[in-house]
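**Student:** Going down the list, the protein sequences come from chains A and B.
Just so you know, this note's numbering puts 60 at position 60 of the first sequence, and the rest follows in order with no gaps.
Every number in this note's numbering is 1000 more than the matching position in the second sequence, counting from 1.
Have a look at this one.
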Amino acid sequence: MKAKVYVTLKKGVLDPQGKAIHHSAELIGYSQIADIRQGKYFEISFNNGIGEAEAREAAERIGGDVLANPVIEDFRVEVEG
Amino acid sequence: MKFGVIVFPGSNCDHDAYHVVSKNVGQPVDFIWHKETDLSSYDAVIVPGGFSYGDYLRAGALARFSPVMRSLKDFAADGKFVMGICNGFQILCEAGLLPGALRRNAGLHFICKHVNLRVETSNSPFTREIEAGRVLSLPIAHAEGNFTCDDETYSSLEENGQIIFRYSDEYGNVVESANANGSRGNIAGITNLDRNVLGMMPHPERACDDLLGSSDGCDIFRSLTRSIEACAV
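In structure tokens form, the structure reads like this:
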């Protein structure tokens, strides 16, 4: 069982790194991009015998307590067998 | 009176803080390894600057799970003094001991220079010896010092006088051009609601000797020492 956790900046939180990346994308010729936001991606692999519900619960807790800072970030979890 | 300086893997301003407390302030001080949990012998604990856990995940994010941090929360809840400097400020925000968060600097650069700070209030254990409005010259050295918080938090920080230092020009004008890292409201340092926990991005421990270009930082440590003495009476 594997959980994927996506951490993204909340709307309205400035993302200077995203801006710099946006600028680089423009430099290689893409002038039609409205915005680029940087986030983080985590893969959590569980031991055999862990069910989907248990994996989701663990990933949600790890996402909220460790991976994301709730002041500035949101996260979402996807679980796959 | 006794100070403690917490040492995480990756702390690198721990010796500076220790030196200032023992030599410039002249008080007893211990290093506290992050796996220790007994803080009962201390009156004030400094969470020093550096790169705890290599800044992995987010600056300060992993340090908050060190064993000492649970004790530090109890220590703060007892009204004892906690001072987080630079990475220490980031750790205290991540741990929920202070509101808000510290993001990448607006200009993305690591900034290492002396800046001017206006002291917003003398009504804190860390600034009681400093006149409100005075401008201090202290060094900053960080890449993630861009203080951010939601509107509600910002209003409550202002209303409760929890904003202790703001980046300003040399005359004490809080202007955008003096805002080194893009912080909301030029915030350089705040306390919690009970005012016994301070977090600040500038380094007072690097400015306690005229040889280093400024001794303004000493007044912050002197204020804290006075506050501890006042508690003991």
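Glycine is no exception: its CB is placed at the ideal position from the N, C-alpha and C atoms.
1. In this structure, does DSSP put Asp1014/B in helix, strand or coil?
2. Could you tell me which residues DSSP puts in a beta bridge with Glu1158/B?
3. From Leu1057/B to Gln32/A, what distance separates their C-alpha atoms?
4. What are the boundary residues of the beta strand (DSSP E) that Pro1139/B is part of?
5. Quick one: what's Ser1234/B bridged to in DSSP?
6. Could you tell me whether the segment 1205-1212 of chain B touches the segment 1008-1028 of chain B, where touching means 3 or more Cβ pairs closer than 8 Å?
7. Excluding the 5 residues preceding and the 5 following Glu1170/B in the sequence, name in chain order all residues of the same chain whose CB lies nearer than 7 Å to its CB.
8. Check Glu78/A in the structure and name its three-state DSSP category.
9. Could you name the residues of the segment 1097-1119 of chain B whose beta carbon sits closer than 9 Å to any beta carbon of chain A, in the order they occur along the chain?
10. Looking at Ile1091/B: is its Cβ nearer than 8 Å to the Cβ of Val1047/B?
11. Span of the alpha helix (DSSP H) holding Gly18/A?
12. Threshold first: 3 residues or longer. Then list the beta strand (DSSP E) segments lying entirely within the segment 1061-1090 of chain B, N to C.
13. What is the DSSP secondary structure of Val1020/B, counted as helix, strand or coil?
14. Take Ser1215/B and list the residues in its own chain whose beta-carbon comes closer than 7 Å to its own, dropping the five residues that flank it on each side.
15. In whole angstroms, what is the alpha-carbon distance linking Gly49/A and Tyr41/A?
16. For Ile92/A, would you say it is in contact with chain B, using Cβ-to-Cβ distances shorter than 8 Å as the test?
17. So for Thr1225/B, helix, strand or coil by DSSP?
18. Distance, Cα to Cα, Gly1010/B vs Val1068/B?
19. Report all residues from its chain with a CB closer than 7 Å to the CB of Leu1022/B; omit the five preceding and five following residues, and keep chain order.
20. Under a Cβ-count criterion, where at least 16 other Cβ atoms within 10 Å of its own Cβ denotes burial, should Lys1080/B be classed as buried or exposed?
21. Is the Cβ-Cβ distance between Arg1118/B and Asn1146/B less than 8 Å?
22. The alpha helix (DSSP H) with Ala58/A in it runs from where to where?
23. Using a 10 Å radius around the Cβ and a threshold of 16 neighbouring Cβ atoms, would you call Asn69/A buried or exposed?
24. With Lys2/A and Ile44/A assumed to form a contact (beta carbons below 8 Å), what rounded beta-carbon distance in angstroms separates them?
25. Can the beta-carbon of Val1025/B be found closer than 8 Å to that of Val1082/B?
26. Cutting at 6 Å between CB atoms, please list the residues of its own chain near Glu1144/B, excluding the five before and the five after it.
27. By the 10 Å Cβ neighbour count, where 16 or more other Cβ atoms means buried, how is Ala25/A classified, buried or exposed?
28. Tell me where the beta strand (DSSP E) around Val1005/B begins and ends.
29. Got a sec, what are the start and stop residues for the beta strand (DSSP E) Glu43/A sits in?
30. Got a sec: is the Cβ-Cβ distance from Leu14/A to anything in chain B below 8 Å?
31. If we cut at 8 Å on Cβ distances, does Ala3/A have a partner in chain B?
**Tutor:** The relevant details are as follows:
1. Asp1014/B: helix per DSSP, three-state reduction.
2. According to DSSP, which records beta bridges pairwise, Glu1158/B is partnered with nothing at all.
3. One C-alpha to the other measures close to 31 Å.
4. Pro1139/B -> beta strand (DSSP E) spans 1135-1142.
5. Outside the shown range of chain B, which is 1001 to 1233, sits residue 1234/B, and nothing can be said about it.
6. With the cut-off at 8 Å, the segment 1205-1212 of chain B and the segment 1008-1028 of chain B touch.
7. Leaving aside the five residues that flank Glu1170/B on each side, the residues in its chain whose CB is nearer than 7 Å to its CB run, in chain order, Asn1116, Val1135.
8. Shown here, Glu78/A sits in a strand according to DSSP, grouped into three states.
9. Answer set for the segment 1097-1119 of chain B: Pro1099, Gly1100, Ala1101, Arg1103, Arg1104, Asn1105, Ala1106, Gly1107, Leu1108.
10. Cβ distance < 8 Å, so Ile1091/B and Val1047/B count as in contact.
11. It spans 16-27 - the alpha helix (DSSP H) in which Gly18/A sits, taken as one unbroken run.
12. The segment 1061-1090 of chain B contains these whole beta strand (DSSP E) runs: 1081-1085.
13. In the three-state reduction of the DSSP assignment, Val1020/B falls in the helix class, which pools H, G and I.
14. Correct list, in chain order: Ala1207, Cys1208, Asp1209.
15. Rounded to whole angstroms, Gly49/A and Tyr41/A show a C-alpha spacing of 24 Å.
16. This structure cannot speak to residue 92/A, because chain A is shown only from 1 to 81.
17. Thr1225/B: helix per DSSP, three-state reduction.
18. If I take the Cα positions, the gap works out to 15 Å.
19. Correcting the residue type first, residue 1022/B is Ser in the shown sequence and not Leu. Around Ser1022/B: Val1029.
20. Burial call: buried.
21. Contact: no.
22. First-last of the alpha helix (DSSP H) with Ala58/A: 52-62.
23. Of the other Cβ atoms in all chains shown, 16 or more fall within 10 Å of the Cβ of Asn69/A; this residue is therefore buried.
24. Contact flag correct, Cβ pair sits at about 7 Å.
25. Remark: C-beta atoms of Val1025/B and Val1082/B do not approach each other more closely than 8 Å.
26. Setting aside the 5 residues that flank it on each side, Glu1144/B is surrounded in the same chain by Ala1059, Leu1102, Arg1104, each with a C-beta closer than 6 Å to its C-beta; the list follows chain order.
27. Under this definition Ala25/A is an exposed residue.
28. Counting along the chain, the beta strand (DSSP E) containing Val1005/B begins and ends at 1003-1007.
29. 39-45 is the extent of the beta strand (DSSP E) around Glu43/A.
30. Taking 8 Å as the threshold, the shortest C-beta distance from Leu14/A to chain B falls below it.
31. Taking 8 Å as the threshold, the shortest C-beta distance from Ala3/A to chain B does not fall below it.
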